[in-house]
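Heads up: the sequence shown begins at 144 in the numbering used here, then just goes up one per residue.
Since the structure comes first, as structure tokens, the remarks are kept for the end.
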Amino acid sequence: MKHRYFVRCVLAGLAVLAALAALESQVATLAVIRATVVDVVDGRLMPNATVVITGRTITSVTTGGAPPAGVTVVDGAGTFLIPSLWDMHAHMETAGEPWLQLYVANGVTGIRDMGSDLDLILRMLAARPRGIEHLSEGRIPQECSSGNAYRPDACRPLFERLARDGVWQTPTLMARLEAGTIGTPASGIDSEQLVYVRKAMRDQWAAVQKAFITPTLVGILKTEASTWAVVTRDMARLGVGILAGCDGLIAGFCVHDELAMMVRGGMTPLAALQTATINPARYFGIENTAGSIAAGKRADLVLLDGNPLEDIANVRRIHAVVVAGRLLERKELDELRAQVKAAAAG
Ligand SMILES: [Zn+2]
């Protein structure tokens, strides 16, 4: 008797769950109104947009539409809505779980984890690789320039071939210079970011710098980073698929920094933004469900307090983040950051 009652209760519970799931799949849950949607595919702006989200999916994007009754409404007046960002060269093994929170707090909801040895594996690869990291440690521009300083004209045929063959590039422009300078006055990143890094990791960076880095080498790395940014721009112009990747720098912030570096190298803000949104979706073959803002796509969004196509630095001005349909407002993002800061200090 008791047993049958238990079974009935479980079945009733399952039925409620199924009903809730069905409800979730049909009933709109969240709407962002009065925002300007940034189309990361062609750079068009859609002002006064209403974006309706049902569960984890965007179900409609209209101009000036009224939000459905009963949904949570976010007034996005004055904000610019972009798809959330990707770090396409992450190393989570060095930082651990708190950095997942830091990624989200910085509007980055997708990462491609590279583990530790892939660079080595790629270098051994005889077959045509799907993608190349760090411009193959800089050998791509070096070899097509016959070992001289970068020569765009000489490199053009190679870049055209990479574009034709669909070989993606994750140049990680900031990584080598920052590995040599992070935590020192020569670093190009905001020192505020360091409060999110565990002491063990900061010590590790400092030890490497003490052992290998000299002012001369920092100069060389700075020149290299600037050259790589120009190489990346030239590749993008010729149709090579570029992906934004951090290579272990500080979660999320590093994507903003990487995009800024791309723009310093001459890429348009739109082209830079694509490397962390629609390009990762294309790389993974999921562009029908991710990478831009349209009905049927995953509700992973960032509301920015400035137009990123005018100034790429506006990707840092995060008003709110939507992860799989769940809204995280500024206050919650600050709480996430505070938790990561506490974990780093503890
Ligand atoms: Zn790496």
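We put the beta carbon where it would ideally sit given N, CA and C, even for glycine.
Note that the coordinates shown come from a computational prediction; the quantities given were computed from them, not determined experimentally.
Taking 7 Å as the cut-off, decide whether the C-beta atoms of residue i and residue j are in contact.
i           : j              : result
valine 175  : valine 204     : no
leucine 245 : tyrosine 339   : yes
alanine 368 : leucine 316    : yes
leucine 364 : arginine 319   : yes
proline 87  : valine 483     : The chain is shown only over 144 to 489; residue 87 falls outside these bounds and no answer can be derived.
alanine 463 : glutamate 453  : no
alanine 387 : valine 398     : yes
alanine 442 : isoleucine 283 : no
alanine 419 : glycine 434    : no
leucine 444 : leucine 188    : no
How big is the Cα-Cα spacing for residue i and residue j?
i              : j              : result
arginine 469   : threonine 172  : 9 Å
valine 170     : glycine 207    : 20 Å
alanine 481    : glutamate 286  : 46 Å
leucine 261    : tryptophan 348 : Low local confidence applies: a pLDDT of 42 at leucine 261 is under 50, so the model's placement there is unreliable, and no value is given.
threonine 324  : methionine 344 : 14 Å
leucine 265    : tryptophan 311 : Because leucine 265 sits at a pLDDT of 43, beneath the cut-off of 50, its placement in the model cannot be relied upon, and the point is left open.
leucine 305    : valine 383     : 6 Å
glycine 309    : glycine 274    : 8 Å
leucine 360    : glutamate 280  : 15 Å
valine 373     : methionine 405 : 8 Å
isoleucine 201 : methionine 267 : 42 Å
isoleucine 500 : alanine 233    : Look at the range of the chain in this structure, 144 to 489, and you will see that residue 500 is not part of it.
alanine 161    : glycine 198    : Interpretation of alanine 161 is limited by its pLDDT of 45, a score under 50 that renders its predicted location unreliable; the figure taken from the coordinates is listed afterwards. Roughly 14 Å separates the two Cα atoms.
leucine 166    : leucine 278    : Here leucine 166 scores only 44 on pLDDT, less than 50, and its place in the model is too uncertain to base an answer on.
arginine 459   : threonine 327  : 22 Å
cysteine 298   : alanine 292    : 11 Å
alanine 394    : leucine 243    : 8 Å
arginine 341   : alanine 238    : 8 Å
leucine 301    : leucine 476    : 43 Å
methionine 410 : isoleucine 385 : 11 Å
arginine 294   : arginine 376   : 13 Å
proline 211    : threonine 193  : 10 Å
glutamate 430  : isoleucine 421 : 7 Å
What is the residue span of the beta strand (DSSP E) that residue i lies within?
i             : result
glutamate 276 : 274-276
glutamate 519 : Within the shown structure, residues of the chain are numbered from 144 to 489, placing residue 519 beyond reach of any answer.
histidine 232 : 228-233
arginine 255  : 251-256
threonine 496 : There is simply no residue 496 to check, as the chain begins at 144 and stops at 489 in what is shown.
alanine 463   : 461-466
glutamine 352 : Looking at the DSSP string, glutamine 352 is not in any beta strand (DSSP E); the run it does join, the alpha helix (DSSP H), is 342-355.
Would you verify that the beta carbon of residue i is, or is not, closer than 7 Å to some beta carbon of chain C?
i             : result
histidine 232 : Of the protein chains in the structure, only one exists, and it is not chain C.
From which residue to which residue does the alpha helix (DSSP H) around residue i run?
i              : result
isoleucine 436 : Premise fails: isoleucine 436 is in no alpha helix (DSSP H) and is neither H nor E.
alanine 174    : Element bounds for alanine 174: not the alpha helix (DSSP H) but the beta strand (DSSP E), 173-181.
serine 369     : 358-380
methionine 404 : 396-407
asparagine 191 : Note, asparagine 191: premise wrong, no alpha helix (DSSP H); beta strand (DSSP E) at 188-197.
glutamine 336  : Premise fails: glutamine 336 is in no alpha helix (DSSP H) and is neither H nor E.
leucine 305    : 295-308
Thinking just about the alpha-carbon of each residue, which of the options is nearest to the one in residue i?
i                 : options                           : result
aspartate 400     : Ala456, Thr375 and Gly434         : Ala456
phenylalanine 396 : Asp230, Tyr293, Gly409 and Ala192 : Asp230
aspartate 256     : Cys389, Ala209 and Val351         : Cys389
asparagine 521    : Pro358, Gly250 and Ala178         : Shown here, the chain extends from 144 to 489; a query on residue 521 therefore has no answer.
proline 314       : Ala329, Ala379 and Ile332         : Ala379
key: Those residues, in chain order, that have a beta-carbon closer than 5 Å to some heavy atom of ligand 1   = Met257 and Asp390
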